[in-house]
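So the sequence lines, in the order shown, correspond to chains A, B, C and D.
Under this note's numbering, the residues of the first sequence are numbered 1 to 193, in order.
Under this note's numbering, the residues of the second sequence are numbered 1 to 386, in order.
Under this note's numbering, the residues of the third sequence are numbered 1 to 157, in order.
Under this note's numbering, the residues of the fourth sequence are numbered 1 to 323, in order.
Glycine is no exception: its CB is placed at the ideal position from the N, C-alpha and C atoms.
Quantities reported herein were computed from a predicted structural model and do not represent experimental measurements.
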Amino acid sequence: MVDEEKQPKTPPKKPVVKPKVEAASGPVPLTPRQEEGLQRLKEKFPFVERDEKVRSSLGIQVPPEHVKEVLGFLRDDPFFRCRHLSCLSAVDWGEAIEVAYHLVNIEEKADEWAVTVKLPYQGDELPEVDSITDLWPGADWHEREAYDLVGVRFKGHPDLRRILLPEGFAGGHPLRKSFVDRRPPRQRLVRIR
Amino acid sequence: MEKGSEVYTAEEAGRLGREGITEPIVINLGPQHPSTHGVLRLITTLDGETVLKAQPDIGYLHRNWEKIVEGWQYPQIIPFADRNDYISAIFNEWLVCKSVEDALGIELDKRAEVLRTIFAELNRLISHQLWFGTYAMDIGAFTPFVYALRDREWGYALLEKATGARQLYAFFRIGGLRNDVPDGWIEELSQYLDYFEKEAYPQYVDLLTGNEIFIQRSEGVGVVSRDVALAFGATGPVLRGSGVPYDVRKAHPYGVYGEVEFEVPVGEHGDNLDRAMVRMKEMLESVKIIRQCVELLPEEGEVLTSRVPRVLKLPEGNYYTRLESPRGEVGLWVVSTGGLGPYRMKWRAPSFVNLQLLDHMARGEKVADLIAALGTIDIILGEVDR
Amino acid sequence: MPAWIRRAAVSIAKGHRVTLDQMLRRPITSLYPEEPVPHFPGFRSIPVLKANEETGKLNCTACGLCARSCPPQIIFVESVVGDDGRRKQWPAFFNLDLSRCMVCNLCVEACPFDALEMSADNELSAYDVRDLFFNMEELAALWKTAPAVRIAGGQKR
Amino acid sequence: MLPLWLQWVLWGILKAVLVLLFVTVNAIILIWLERKVSGHIQNRIGPLRVGGPAGVLQSFADIIKLLAKEDFFPKRGDPWVWWLAPSVAFAPALMVFFVLPIGPHLVVQDMNVGLLFIVAITSFSVLSVFMAGWGSNDKYSLIGAMRAGAQLFSYELPMVLALVAVTLATGTLNISEIVARQQGMWLIFPQFLAFLVFYIGAIAELNRTPFDLGEAESELVAGYHTEYSGIRWAMFMLGEYTNLLTSSILVSLVFLGGWSGPLLPGWVWVLIKAYLLIFVAMWIRWTLPRVRIDQLMDLGWKFLLPLSLLNIALTGVYMAVMA
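1) Give the single residue among Glu43(A), Phe179(A), Val67(A), Val28(A) whose Cα lies nearest to the Cα of Leu119(A).
2) Mind listing which residues of the region 204–225 of chain B have their C-beta closer than 8 Å to chain D's C-betas, in chain order?
3) Put Val260(B) into one of helix, strand or coil per three-state DSSP.
4) Less than 8 Å between CB atoms is the rule here; does Arg290(D) satisfy it with respect to chain B?
5) Measuring only the C-alpha atoms, how far is Pro31(B) from Leu381(B)?
6) Taking any Cβ of chain D, which residues in the region 101–132 of chain B have a Cβ under 8 Å from it, in chain order?
7) So, helix, strand or coil for Arg41(B), using DSSP?
8) Does Gln151(D) have its Cβ less than 8 Å from a Cβ in chain B?
9) For a quick check, are the C-beta atoms of Ile28(C) and Leu124(C) less than 8 Å apart?
10) In chain B, what lies closer than 8 Å to Leu106(C) by C-beta?
11) For my contact list, Pro86(D) and Gly266(D) are in at a C-beta cut-off of 8 Å; report their separation, rounded to the angstrom.
12) Start and end of the alpha helix (DSSP H) containing Arg68(C)?
13) Near Val17(A), what residues of its chain come up, given a Cβ to Cβ distance below 6 Å and the 5 sequence neighbours on each side ignored?
14) Which same chain residues end up closer than 8 Å to Gln73(C) when comparing Cβ atoms and leaving out the 5 residues on each side of it in sequence?
15) So, at 6 Å on beta carbons, what are the nonlocal neighbours of Ile58(B) in its own chain, with the 5 sequence-adjacent residues on each side left out?
16) Among all the DSSP beta bridges, which residues are the ones paired with Gly317(B)?
17) Rounded to whole angstroms, what's the CA-CA distance from Ile186(B) to Pro36(C)? Just pull it up for me.
18) Which residue from Leu374(B), Arg41(B), Phe171(B) puts its Cα closest to that of Gly42(C)?
19) Can we say the region 258–265 of chain D touches the region 13–32 of chain D, given the rule of at least three CB pairs closer than 8 Å?
20) Once you ignore the five residues that flank Gly255(B) on each side, which residues in its own chain have a CB closer than 6 Å to its CB?
21) I'd like the span of the alpha helix (DSSP H) that includes Arg17(C), first residue to last.
22) Are the C-beta of Trp65(B) and some C-beta of chain C separated by less than 8 Å?
23) Name the residue from Arg176(A), Ala170(A), Ile97(A), Pro29(A) whose alpha carbon lies nearest to the alpha carbon of Thr116(A).
24) Using CA coordinates, which residue listed in Ile45(D), Pro190(D), Ile272(D), Val166(D) is at the minimum distance from Val254(D)?
25) Exposed or buried, which one is Ala323(D) when buried takes at least 16 other CB atoms within 10 Å?
26) Short check: CB of Val150(A) to CB of Arg176(A), under 8 Å?
27) Out of curiosity, what's the CA-to-CA distance linking Ser229(D) and Lys69(D)?
28) Among residues of its own chain, excluding the 5 on either side of Arg100(C), which ones have a beta-carbon nearer than 7 Å to its beta-carbon?
29) Please classify Ala281(D) as buried or exposed, where buried requires at least 16 neighbouring CB atoms within 10 angstroms.
30) Enumerate in chain order the residues of its own chain whose CB-to-CB distance from Leu42(B) is below 6 Å, with the five nearest sequence positions on each side excluded.
31) Using the beta-carbon of each residue, which ones in chain D are nearer than 9 Å to Pro27(C)?
32) Could you give the residue range of the beta strand (DSSP E) that holds Phe93(C)?
33) I think Gly77(D) touches Asn174(D), with their Cβ atoms under 8 Å apart; what is that distance to the nearest whole Å?
34) Which bits of chain D does Ile12(C) rub up against, with CB to CB less than 7 Å?
35) If we count the other Cβ atoms within 10 Å of its Cβ and call it buried at 16 or more, is Ala93(D) buried or exposed?
36) For Ala57(D), collect the residues of the same chain with a Cβ closer than 8 Å to its Cβ; drop the 5 residues on either side in sequence, then sort them by chain order.
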């Protein structure tokens, strides 16, 4: 088990070759279609913003209370028609949990949109967001997994139980950065002999 | 509301069972069971032979991949990613490499790209052969399983010759491949494809997929309509069996898929037979793609591009990458804070998502068809539980 | 005769033709313990320590790059400390835990001194997990007995 | 000189021992043969290391292994039912041999109603299946037993009707008589439909693929004998292979002319024909996938039963016309 506090080790010192690839910095420029989609969304929902951290597609940041609305619109609107919920995941940022939805329009144009939601911590309670299982039944297990591993409560989920960890797991949510592995450490087998 | 966009809830998805006719019995299929493909547990409610409910219980193989790789460096993740979908490991490696390469904008040499595509399609072929064998076992024929394994062996030998391992290759590197293929490998690959197409595949058809018992067993069983498949987020042959021609290779071309010609086989009714036939046709499509790739393969070229920076750091932000594995769309969500390794990684496993459909497929069918439906989803528990 | 009976009979007969045909062929089984399975050059089983063929000394300089590149962190390497308290470029310990090894070749690729190779000897199973530790001498001995191939990144084979 | 009753008793015991020996030896050969056939069909070799190059002693090694295994009894099972089931499985298989001639006059009791006796006795096997399924107190076993029971009932009928046509054609229930009537032409030619129905039914009765629903390993683990191990499981296997031998000998006697054949003695011809049929059964087993329970019922009731009735009608019309 890797200690979660541990930082990645410093890279080995090798003769430094000048990297020929310049890592892009700054926000990713949008394609015309993404621009159009963002405009369309902003007209309908004035509260949405572009999430510039999403670098592989267009990220849309939505306040937690409007998630279901926006996702439903993305699914049914003839411009977006994102019938495919590709991925639903969450990440612990220390002060907040971010839930990300990746949607794909798979029938006509294969373009993808990412919706992110920031859920600030409220004391010891699990952060809450509306469940989208009635929009996509397939979100069921994704949400259960996010609940299990990251600790997000999905309001309105029909059966929010742990899915990967055992039912009575008491150690909390392992993908939280504050998670402490309380199991006895496994004996390191490499030793001097 | 236009057709096909109605809301579909989990309850409505499978309201097929008859209830209250006889006393239902609850059977635990698994975690130790001959045909749960690993350690899957199915809590099954039966009314005689009819399945009322089949609830998968997963997590017996859970090792929290996502936690373990936090704090690892990107190149170190590649061999561990192999362990997710251990039947088609090449796709896992490719996904990790692809997400870093896409994020950094690393361009591969043509030779590396073509070889990657060849390896991926060879692995898809092998994976589908294993599916063929296990599906045959699931519906009670043992001999096709042995034939499939026999033919898979040559494919494994080919992969071993090139990569040094039979199943968990650790072969792709960020920026290309670890090494070039040995001399004569491409010729042997062509021989293998000829053998597969001319000898092995007709046997499969004659022995199993053309067999009347097989067709009767699979036809009209475990039906997943187009809308249900979409609503459940199914991908791969499960989705294509239901008539949606979505294939990441076509939708978001990567490798050299943009340059080769291939078809995306699509089913009609979404039953077991359609899913099986989609996979059978995909084997032939893989052969076709590899043949074209061999034509495309440049004689010279770096397999591991030297344009890769020594220190691999992803710019801050998050990235979602996907590609088409034999089981469907496999995705990787990388959250980077600019370090040497990911801040968080999420593996979108196609088997994990597709397995949700099992309950829907099996309700109202016989127990034997529950197993057959599970066979057509083609789950890999290493990927489901991660 | 209804068409489905004919179809069924023909398809079943085809299946039987295939199995009978295969039955009359030679089996493909290889009798494993008697006939060892050939491994292709480059087969990876366990990293072993390479020695200079002339002097018989290990190539390893105990730089620790392999230990750092190892994902499951199963390599322990420490250099000899001389009488003057300075580290020598010579390993005092090189321990490897095969029970957790992923056989990924990353240590071999990281090594700049041509000191590690992947051995093709795959018959290393043991009844006790503790028998899967290998120290420096054992790893050096394994290199002498089993064929090994070094594959660095991007190498043409 | 021994008293007459004692002679009868000793003579009976000797016959019983001989029958038991014949059956066990054949079953052991069959188990070995099944492995070899399946192995070669699947490009494998099969048993290899025990007893010479072909592994002929593999079955003996297995029997020793099975005898040494733990005698396991499922908790909360029904002990008497559970213990009796393997014997009930094996006994009818053995009893059939008391009327089954292996060659001319090579029979324990040449009964006048031999065919009827066989039909009656083989129906017992359903009892053992039910006992095993019920006594194990296991859901897999129970489902397996219900399936196997339904299957045995519904295939018994077409089989018996197929034999009715045979009786109609030959006019006797005595098996030796039936064989004697086939000197001119084997019954398989005029009674091909009966042969087909009987052979399919026999494979189904034997619980062999494609009809091995009672022990469908892909869903029911091992069906009705899931909970059995060691020698009790071996009894089931022994019963199964004895039944395979019995039905093959019966088919060869009733349809393939029995011991009629040139040069070789009669019992050799019977065994050759029986083993040919056994090979065909194995060939079928290792080729076809399993049918589903409703398809099995459909095949039995909607296809084989009408077919056998049609066959009786045709035979009757033919007999009437010829008379």
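Short version:
1) Here the question's residue 119(A) lines up with position 119 in the first sequence. That would be Val67(A), whose Cα lies nearest to the Cα of Leu119(A).
2) Leu207, Leu208, Asn211, Ile213, Phe214, Gln216, Arg217
3) Taking the first residue of the second sequence as position 1, residue 260(B) is located at position 260. Residue state, collapsed to three classes: coil.
4) Start at 1 with the first residue of the fourth sequence, and residue 290(D) comes out as number 290. Answer yes: the Cβ-Cβ gap between Arg290(D) and chain B drops below 8 Å somewhere.
5) The residue given as residue 31(B) occupies position 31 in the second sequence. The residue given as residue 381(B) occupies position 381 in the second sequence. Answer to the nearest angstrom: the Cα atoms are 11 Å apart.
6) none
7) Here residue 41(B) corresponds to residue number 41 of the second sequence, with the count starting at 1. Looking at Arg41(B) - three-state DSSP - the assignment turns out to be strand.
8) Stepping through the fourth sequence from its first residue, residue 151(D) is reached at position 151. Output row for Gln151(D): interface = no.
9) For the purposes of this step, residue 28(C) is taken as residue 28 along the third sequence, with counting starting at 1. For the purposes of this step, residue 124(C) is taken as residue 124 along the third sequence, with counting starting at 1. Result no, Cβ atoms of Ile28(C) and Leu124(C) do not sit closer than 8 Å.
10) Mapped onto the third sequence, residue 106(C) falls at position 106. Chain B residues near Leu106(C): Pro75, Gln76, Pro79, Ala170.
11) Start at 1 with the first residue of the fourth sequence, and residue 86(D) comes out as number 86. Start at 1 with the first residue of the fourth sequence, and residue 266(D) comes out as number 266. Wrong, their Cβ atoms sit about 34 Å apart, outside the cutoff.
12) For this step, residue 68(C) is matched to residue 68 along the third sequence. Taken as a continuous stretch (DSSP letters only), the alpha helix (DSSP H) holding Arg68(C) covers 65–69.
13) By one-based count along the first sequence, residue 17(A) stands at place 17. With a pLDDT of 46 at Val17(A), under the threshold of 50, the predicted position of this residue should be treated as unreliable, though the coordinate-derived value follows. Closer than 6 Å at the Cβ level, and outside the excluded window around Val17(A), lies no residue.
14) Counted from its first residue, the third sequence places residue 73(C) at position 73. The answer, listed in chain order, is Ala67.
15) Numbered from its first residue, the second sequence carries residue 58(B) at position 58. Excluding residues within five positions, the ones whose Cβ falls inside 6 Å are Val384, Asp385.
16) Indexing the second sequence from 1 puts residue 317(B) at position 317. For Gly317(B), which the question treats as bridged, DSSP gives the partners Ser336(B).
17) For the purposes of this step, residue 186(B) is taken as residue 186 along the second sequence, with counting starting at 1. For the purposes of this step, residue 36(C) is taken as residue 36 along the third sequence, with counting starting at 1. Whole-angstrom Cα-Cα distance: 26 Å.
18) Here residue 42(C) is taken as the residue at index 42 of the third sequence, counted from 1. That would be Phe171(B), whose Cα lies nearest to the Cα of Gly42(C).
19) no
20) As a first step, residue 255(B) is located in the second sequence; it is residue number 255 there, counting from the start. Only Glu113, Arg116, Thr117 meet the Cβ criterion.
21) Within the third sequence, residue 17(C) is the residue found at index 17, counting from 1. Note, Arg17(C): alpha helix (DSSP H), 3–23.
22) For the purposes of this step, residue 65(B) is taken as the residue at position 65 of the second sequence. Not closer than 8 Å to any Cβ of chain C, the Cβ of Trp65(B) fails to qualify, so no.
23) Within the first sequence, residue 116(A) is the residue found at index 116, counting from 1. The option with the nearest alpha carbon to Thr116(A) is Ile97(A).
24) Position 254 of the fourth sequence, counting from 1, holds the residue named residue 254(D). Comparing Cα positions, the closest option is Val166(D).
25) Here residue 323(D) corresponds to residue number 323 of the fourth sequence, with the count starting at 1. The residue is exposed, with fewer than 16 neighbouring Cβ atoms inside 10 Å.
26) Residue mapping note: residue 150(A) aligns to position 150 of the first sequence, counting from 1. Residue mapping note: residue 176(A) aligns to position 176 of the first sequence, counting from 1. The answer is yes: Cβ separation under 8 Å.
27) Counting from 1 along the fourth sequence, the entry for residue 229(D) is found at position 229. Counting from 1 along the fourth sequence, the entry for residue 69(D) is found at position 69. Each residue's Cα considered, the two are about 7 Å apart.
28) Along the third sequence, one-based indexing puts residue 100(C) at 100. Pro72, Ile74, listed in sequence order.
29) For the purposes of this step, residue 281(D) is taken as residue 281 along the fourth sequence, with counting starting at 1. Looking at its Cβ environment, which holds 16 or more other Cβ atoms inside 10 Å, Ala281(D) is buried.
30) By 1-based counting over the second sequence, the position of residue 42(B) is 42. Taken in chain order, the residues that qualify are Leu29, Gly30, Ala54, Pro56.
31) Counted from its first residue, the third sequence places residue 27(C) at position 27. Neighbours of Pro27(C) on chain D, chain order: Gly39, His40, Gln42, Asn43, Arg44, Ile45, Gly46.
32) Indexing the third sequence from 1 puts residue 93(C) at position 93. Start and end: 87–97.
33) Here residue 77(D) corresponds to residue number 77 of the fourth sequence, with the count starting at 1. Here residue 174(D) corresponds to residue number 174 of the fourth sequence, with the count starting at 1. Contact flag wrong, Cβ pair sits at about 43 Å.
34) The count along the third sequence starts at 1 and reaches residue 12(C) at position 12. Simply Leu288.
35) As a first step, residue 93(D) is located in the fourth sequence; it is residue number 93 there, counting from the start. Classification for Ala93(D): buried.
36) Taking the fourth sequence and counting its residues from 1, one reaches residue 57(D) at position 57. Note that residue 57(D) is Leu in the sequence shown here, rather than Ala. Here the set comprises Val50, Gly51.
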